[in-house]
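With the sequence shown counted from 1, adding 844 to any position gets you my numbering. Note that beta-carbon positions come from the ideal geometry of N, C-alpha and C, so glycine has one too. Model, not experiment: these values are computed from the prediction. To keep things clear, I will list the structure first and then write my remarks on it.
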Amino acid sequence: MYPQLCVLCCGEFFGGEPRAQPCVCLLKCFLCKHSRGLMGRVPPLQGALVQVQAAEAVPARKEHLPTREQQLVALQCRGEFDVLVIGGGATGCGCALDAATRGLKTALLERDDFSSGTSSRSTKLIHGGVRYLQKAIMKLDFEQYRMVKEALEERAHLLQSAPHLSGALPIMLPIYKWWQLPYYWIGIKLYDLVAGSQCLKSSYVLTKSRALELFPMLRRDKLVGAIVYYDGQHNDARMNLAIALTAARYGAATANYTEVQHLLKNSDTGRVCGVRCRDVLTGKEFDVRAKCVINATGPFTDSVRKMDDQEVPNICQPSAGVHIVMPGYYSPDNMGLLDPDTSDGRVIFFLPWEKMTIAGTTDKVRNYLGPDVEVRRGDVLAAWSGIRPLVTNPDSKDTQSLSRNHVVTVSDSGLITIAGGKWTTYRAMARDTIDAAVTMGLQLEGAEDWSPTLYIRLVQDYGLESEVAQHLASTYGDKAFEVAKIAQVTGKRWPIVGKRLVSEFPYIEAEVVYGVKEYARTAVDIISRRTRLAFLNVQAADEALPRIVDIMAKELNWSEQKKKEELETAKTFLYYEMGYKVKTDQLTDSSEISLVPADIERYKKRFRMFDKDKKGFITILDVQRVLQSISVQMDENTLHEILNEVDLNKNGQVELNEFLQLMSAIQKGRVSGSRLAVLMKSAEENLRRQCIPVDRSGGGL
Ligand SMILES: Cc1cc2nc3c(=O)[nH]c(=O)nc-3n(C[C@H](O)[C@H](O)[C@H](O)COP(=O)(O)OP(=O)(O)OC[C@H]3O[C@@H](n4cnc5c(N)ncnc54)[C@H](O)[C@@H]3O)c2cc1C
845 MYPQLCVLCC GEFFGGEPRA QPCVCLLKCF LCKHSRGLMG RVPPLQGALV QVQAAEAVPA
905 RKEHLPTREQ QLVALQCRGE FDVLVIGGGA TGCGCALDAA TRGLKTALLE RDDFSSGTSS
965 RSTKLIHGGV RYLQKAIMKL DFEQYRMVKE ALEERAHLLQ SAPHLSGALP IMLPIYKWWQ
1025 LPYYWIGIKL YDLVAGSQCL KSSYVLTKSR ALELFPMLRR DKLVGAIVYY DGQHNDARMN
1085 LAIALTAARY GAATANYTEV QHLLKNSDTG RVCGVRCRDV LTGKEFDVRA KCVINATGPF
1145 TDSVRKMDDQ EVPNICQPSA GVHIVMPGYY SPDNMGLLDP DTSDGRVIFF LPWEKMTIAG
1205 TTDKVRNYLG PDVEVRRGDV LAAWSGIRPL VTNPDSKDTQ SLSRNHVVTV SDSGLITIAG
1265 GKWTTYRAMA RDTIDAAVTM GLQLEGAEDW SPTLYIRLVQ DYGLESEVAQ HLASTYGDKA
1325 FEVAKIAQVT GKRWPIVGKR LVSEFPYIEA EVVYGVKEYA RTAVDIISRR TRLAFLNVQA
1385 ADEALPRIVD IMAKELNWSE QKKKEELETA KTFLYYEMGY KVKTDQLTDS SEISLVPADI
1445 ERYKKRFRMF DKDKKGFITI LDVQRVLQSI SVQMDENTLH EILNEVDLNK NGQVELNEFL
1505 QLMSAIQKGR VSGSRLAVLM KSAEENLRRQ CIPVDRSGGG L
């Protein structure tokens, strides 16, 4: 059977003969049964219909996830695809999932890893946009209102489709002026109202004392009270991956590390009919043919549009956003803080995420916390920036108002571009691109048999630590059992299985093996998107790298040379992209060494306690010797890590100068939590106590 598909819904997206009749989507669509128009955002689509074989029912979900190698074979051997999506971020994977669940023969190509772009660098909120509702009301802007309404519907859908990866988060709006209280209250109540039955939980007002009870680190002066409302929060990279994996299970040929180099065009009609791509890992180039090519490349939208037509004007205006991660104690466990209306017009937030705190910049954070909470630059555990693919409307002067809206355009040659929008509305964007009412209510990878108590079975059946089990359940959902099955025996009485990659995070070695099955091909894929270590603590990520590379090498048959390269690349990534450089710069900033002579003497004395031979530096053996003398045991790997944090010139030893720089940085608050500093101080105290003569020991035996 060869039925026709409708327009918004995509009939015209597949090219073919021009149609004589009016667009069927004004009536009822064959597949989606909706009569939705283009919501005013999409220009009337000029083109033609072609007959695309659509499945009569949603295809069966594959039990076994195809390997990346099988996917590459499928891309080259399965003949012409119905839909080919360029870009493996939230938008592209959403499009691929929509198309695949409609039974369309679907391909997806991503030049880096899935979610390596903006989609792993978001604020992690699944939200309707409180601020946009305010704009909608103040400016009586119906389009803004509809955008918020749609986002709130999508918020509910996203939360339901992957409950293991997302949840509702209460967010506090601090109120500093009395008049703001009724103003914000009405705004937030309207937000609840617009969400209707999809409202996560009702918002409420807090008195000043109750607000401080819930958020004790909040600055108390001038605080009048607070309003708490609910939005969603998720693990964005894992959510993106879940969408990609679900698409693959529904038959989409998805390949990461496969770059589209140029578009193929039919020499007779001039229509886009496929792409030339390159497997970045092997360098092999090949063509993939498709009836319809979708450009979902986020900030790179215009570069793909220019592959189609060099002259086409830009529609995407990238805008960078920076986030930092600070220790969890900067925000309560389950309460975020947001000020939507600061004096410079920017939103200030700090939100709990994966037991840490995500914030804008430290300077801004400082203004919201009480004077007893010292905000130190050294508390920045990771930092990253993302590029928002804002879509500009050439006809509008007010680019702000359209900034988070999305646009679907179809070029004369049939290239479809989906640009703009936000994470929360990925599915609506995909629907507008392909029309996929079929995906309504669809559960993503891991969600089907997930329940909030699933982790208990992981503990009982496999002997995993409770914290690790909770992490696995909230990351892999029902697939957590597959990770647990391959978890290594620890050799300890408890936990029985599950060796951690780094002691302070619940990520285990088995996740690296499983990550390879989830198409991870580089160490960066593991530290930043399969686990979120690089986003949570760059130093911890750096420490986990050697072991990760070892495990990946076994799985992927890497040579020693390849291992070395991987390690280097991942370290460079942490250094330049995740804030490690800033951290190290703070430590090496010798121009700011400002220790008074007495302190210098004190620290020199402490240093010499370790540097017995007066070499001018301390090595791991020196530290081991001191630890033995005070009966403290520490394994060699941990000691290496501790020394490595301070060893700025990476020569395997800590020179006196490096030590003094560290102590100066600690005094200035630029560095915090240095394990070497704490260890040396407590060793010194221990040794001093041991030296107290019996006659001065307070009369002890
Ligand atoms: C700082 C920040 C915070 C945000 N916070 C939120 C939030 O809290 N909530 C929310 O809803 N939204 C948020 N957003 C918006 C949201 O993150 C983005 O709208 C969304 O992730 C965009 O997804 P995308 O798939 O369009 O782009 P991307 O994720 O960037 O994906 C595009 C992909 O295309 C690939 N690509 C490019 N060229 C090629 C090629 N030639 N061949 C193959 N692949 C190619 C790239 O490698 C990339 O992976 C935030 C954005 C930023 C910047």
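Alpha-carbon to alpha-carbon, T1277 and L893: At L893 the pLDDT is 28, less than 50, meaning the model places this residue with poor confidence; the figure from the coordinates comes in the next sentence. About 15 Å.
Collapsed DSSP secondary structure at N1133 in the structure displayed: The question names Asn, yet the displayed sequence has Arg at residue 1133. Of the three classes helix, strand and coil, the one that applies to R1133 here is strand, per DSSP.
Burial state of D1146 (16 or more Cβ within 10 Å): Result: buried.
Three-state class that DSSP yields for E1485 in the structure shown: helix
Host alpha helix (DSSP H) of A1521 (start-end): Per DSSP, A1521 belongs to the alpha helix (DSSP H) from R1519 to Q1534.
Separation of T1268 from L882, as counted between CA atoms: In this prediction, L882 has a pLDDT of 29, which is less than 50 and means its spatial position is unreliable; nothing more can be read from the coordinates.
Extent of the continuous alpha helix (DSSP H) to which C921 belongs: R912 to C921
Beta-carbon proximity list for I1370, same chain, < 6 Å, skipping 5 on both sides: V1356, G1359, A1364 and I1392
E907, buried or exposed, once every other Cβ within 10 Å from all chains shown has been counted against 16: exposed
Cα-Cα separation, V1217 to M1061: If you take the alpha carbons of V1217 and M1061, they lie about 7 Å apart.
Close-in-space but distant-in-sequence residues of the same chain around E1410 (CB under 6 Å, 5 per side omitted): A1367 and V1393
Which listed residue (G1423, N1530, F1503 and E1362) has its alpha carbon closest to that of D957: E1362
Inter-residue CB distance, R809 and R1514 (contact presumed, cutoff 8 Å): The first residue shown for the chain is 845 and the last is 1545, placing residue 809 beyond what the model contains.
C-beta contact flag for R1232 and T962 at 8 Å: Going by C-beta atoms, R1232 is nearer than 8 Å to T962.
Bridge partner(s) assigned by DSSP for D1123: T1102, per the DSSP bridge assignment.
Per-residue burial, V992 [other beta carbons within 10 Å of its own, 16 or more giving buried]: buried
Distance cut-off 7 Å: H971 Cβ against heavy atoms of ligand 1: Yes - ligand 1 has a heavy atom lying nearer than 7 Å to the Cβ of H971.
Among G1114, D1305, I1330 and Y1420, the one whose alpha carbon lies nearest that of W1228: Y1420
Separation of E1155 from L984, as counted between CA atoms: Cα-Cα distance, rounded: 37 Å.
L969 vs D1075 beta-carbon contact at 8 Å: yes
Pick from K1323, L1286 and Q1314 that is closest to D1293, judged by C-alpha positions: Restricting attention to K1323, L1286 and Q1314, the CA atom closest to the CA of D1293 is found in K1323.
Separation of Y1306 from K1329, as counted between CA atoms: Whole-angstrom Cα-Cα distance: 8 Å.
Heavy atom of ligand 1 within 7 Å of V953 beta-carbon: Per the sequence shown, the amino acid found at residue 953 is Leu instead of Val. Within the cutoff, so yes.
Beta-carbon proximity of S1005 to A1291, cut-off 8 Å: Taking C-beta atoms as the reference points, S1005 and A1291 count as a pair closer than 8 Å.
Nearest residue (CA-CA) to A1022, options G1423, A1414, I1462 and T1051: Here residue 1022 turns out to be Trp, not Ala, going by the sequence shown. Out of G1423, A1414, I1462 and T1051, T1051 has the C-alpha closest to the C-alpha of W1022.
Local conformation of K1109 per DSSP, three classes: strand
Distance, A1086 Cα to K1135 Cα: Cα-Cα distance, rounded: 26 Å.
Near ligand 1: G1204 beta-carbon under 7 Å from a heavy atom: no
Span of the alpha helix (DSSP H), counted from its first residue to its last, around S1147: T1145 to D1152
Every unbroken alpha helix (DSSP H) within the segment 954-1032, with a cutoff of 4 residues, ordered by chain: 974-982 and 986-1005
G1204 - DSSP class collapsed to helix/strand/coil: coil
Where G947 falls: helix, strand or coil (DSSP): coil
Of the listed residues Q1505, S1347 and A1331, nearest to I1340 (C-alpha basis): A1331
C-beta atoms of V1137 and L996 nearer than 8 Å: no
Distance between beta carbons of A1388 and L1377, contact taken as under 8 Å: 6 Å
contact_flag[the segment 1087-1098, the segment 921-939] where n(CB pairs < 8 Å) is 3 or more: yes
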